[in-house]
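Numbering (my numbering), first residue to last: 189 to 711.
Quick look at the structure:
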């Protein structure tokens, strides 16, 4: 295979599709394999009506694990990651088509138990020195070899971390933290799109150290035996490697990239797998998330064929945890490779046809690889700005829940002083006016049978409430203080009360006004 230059590989925005057909299983050797015809770049399916599909590469049953690794161009993906690009490789196909073997290369014993808790500790035969190693172990070992060379040639320092999650029945589980039984939450951040909250990130200094940690996570996967697969993955597994590079000549220049390696659970037909009980519910969850994935692929491929000025369609990434986490890989800023796994058996004709149709659509999707480079101080400034915005938002919420701000308190303090002065004026008015009141302005109070004036009651209430205000019983701005009435009507009285308080004195005409309170005494 001719090696693609790294720069050209990164600039190729189309999803790269490689097809792999596994060898026949012992259970399939009694059936024919006449419907599938292969050559280097095409697959023909059918007998009487052949359907032909063309891809970047097609590998037959005799292809070795190393040949698969070389053909998929993962080495170029690693080089692109070191240059500052995101990259993704995911395996797609029906259950039992060889996806997990392609990605890992490990062998699994048949799982007898149907309980997920017991199946969470799989018995994998792991031999990291074997030629059977899959894509992920080879990526880990080659990545650190490439980092060692790049550190000298490019004069950079590198830090490598990894995470490992499985999506089981739309629940995200941390394979690096199996003791935690809780499901992790999917969050959205504008700068990093979707991410998993509280996900374990493991530092690794060497390839062997990272490989050991990966195999520990593999043993925590939930698997089960079905009629089509003795060790069937019951979840989608996403292994992500994060690479952070620092230019030693310019330490302010920091680049952070990630390489996602995804082993999808296979689509299942219950009639063929014989799934019942728990495995049936798992199959429903798997097929649901794969249905959303196919929707996303179909919409993005249709968009790629639309006119440039056509309206952008809605892509339902959020309908599934899987598509949310793969958003950057499908129509995003990642260099993406899709490994399509097929069975050679004629029994799998319909599943093979469906798989090839979606693979053909996927290779029409255009991504926009973007070099992820940013200066350290700018990154820090942006983080600080985000923190300031968050704190300002929290302070605003506290202001409205606890009380007014400093500015509001100054305003209310001035308001209460003016109110107190007005109240004193009203009392003085009462002292002047009361001796001249006409008898019909007096009333009898049943409680004590004394004569009291309505004009006397009003200033008393006013002084009482003004005193409360001076003691600091503030409310929220724009809302009246303890009584929760509008500021224009802060206490018990209303305009009607004010009207009733006007004494009429026939022998002396004139007006005594308190403008701030809108009170007018006619004399």
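Beta carbons are placed, not taken as given, at the ideal position from N, Cα and C, and that holds for glycine. On a predicted model such as this, the values are computed, not experimentally measured, just so you know.
Cβ neighbour criterion (16 or more within 10 Å) applied to residue i
| i | result |
| --- | --- |
| residue 525 | buried |
| residue 232 | exposed |
| residue 633 | The pLDDT assigned to residue 633 is 41, lower than 50, so where the model puts this residue is not dependable; a value taken from the coordinates is nonetheless given after this. That one is exposed. |
| residue 576 | exposed |
| residue 470 | buried |
| residue 229 | exposed |
| residue 357 | buried |
| residue 359 | exposed |
| residue 203 | buried |
| residue 325 | buried |
| residue 292 | buried |
| residue 493 | exposed |
| residue 208 | buried |
| residue 449 | buried |
| residue 451 | buried |
| residue 658 | Below a pLDDT of 50, predicted positions are generally treated as unreliable, and residue 658, at 49, falls in that range; the measurement from the model is reported next regardless. Result: exposed. |
| residue 287 | buried |
| residue 530 | buried |
| residue 555 | buried |
| residue 580 | exposed |
| residue 582 | exposed |
| residue 495 | exposed |
Sub-8 Å separation of residue i and residue j beta-carbons
| i | j | result |
| --- | --- | --- |
| residue 387 | residue 362 | yes |
| residue 265 | residue 354 | no |
| residue 348 | residue 392 | yes |
| residue 547 | residue 243 | yes |
| residue 235 | residue 223 | yes |
| residue 289 | residue 261 | no |
| residue 522 | residue 480 | no |
| residue 515 | residue 381 | yes |
| residue 528 | residue 257 | no |
| residue 430 | residue 444 | yes |
| residue 334 | residue 440 | no |
| residue 399 | residue 338 | no |
| residue 221 | residue 534 | yes |
| residue 296 | residue 432 | no |
Residue nearest to residue i in terms of C-alpha spacing, selected from the options
| i | options | result |
| --- | --- | --- |
| residue 478 | 491, 293, 453 and 273 | 453 |
| residue 488 | 553, 580, 495 and 320 | 553 |
| residue 259 | 214, 205, 549 and 269 | 205 |
| residue 274 | 494, 517 and 441 | 517 |
| residue 473 | 329, 421, 370 and 271 | 421 |
| residue 201 | 583, 580, 582 and 558 | 558 |
| residue 227 | 364, 276 and 248 | 248 |
| residue 485 | 531, 330, 210 and 549 | 549 |
| residue 510 | 374, 237, 245 and 542 | 374 |
| residue 251 | 211, 583 and 534 | 211 |
| residue 214 | 543, 582, 540 and 532 | 532 |
| residue 364 | 494, 280, 425 and 543 | 425 |
| residue 446 | 544, 537, 254 and 328 | 328 |
| residue 542 | 402, 346 and 283 | 283 |
| residue 385 | 398, 370, 395 and 397 | 370 |
| residue 466 | 268, 410 and 350 | 410 |
| residue 332 | 468, 490, 276 and 350 | 350 |
| residue 254 | 496, 403, 573 and 319 | 319 |
| residue 513 | 579, 352 and 545 | 352 |
| residue 294 | 497, 395 and 407 | 407 |
| residue 330 | 395, 346, 537 and 287 | 395 |
| residue 216 | 582, 377 and 536 | 536 |
| residue 545 | 580, 483 and 397 | 483 |
| residue 366 | 383, 405, 539 and 442 | 405 |
| residue 276 | 539, 520 and 496 | 520 |
| residue 376 | 505, 263 and 241 | 505 |
| residue 442 | 263, 245, 237 and 272 | 272 |
| residue 491 | 551, 475, 560 and 476 | 551 |
| residue 539 | 497, 475 and 403 | 475 |
| residue 246 | 403, 225 and 383 | 225 |
The ligand MG heavy atom lying under 7 Å from the CB of residue i
| i | result |
| --- | --- |
| residue 239 | Ligands in the displayed structure: none, and consequently the ligand MG is not present. |
Cutoff 8 Å: residue i Cβ touching any chain D Cβ
| i | result |
| --- | --- |
| residue 426 | Reference to chain D is not applicable here, since this structure consists of a single protein chain. |
* Asked: At which residue ranges does the stretch 330-414 contain complete alpha helix (DSSP H) runs of 4 or more residues, listed in the order of the chain?
  -> 395-406
* Is the number of C-beta pairs between the stretch 445-457 and the stretch 497-508 that are closer than 8 Å three or more? -> no
* Asked: Curious, which full-length alpha helix (DSSP H) runs of at least 4 residues does the stretch 265-299 contain?
  -> 287-291
* Between the stretch 431-441 and the stretch 331-350, do three or more beta carbon pairs fall short of 8 Å? -> yes
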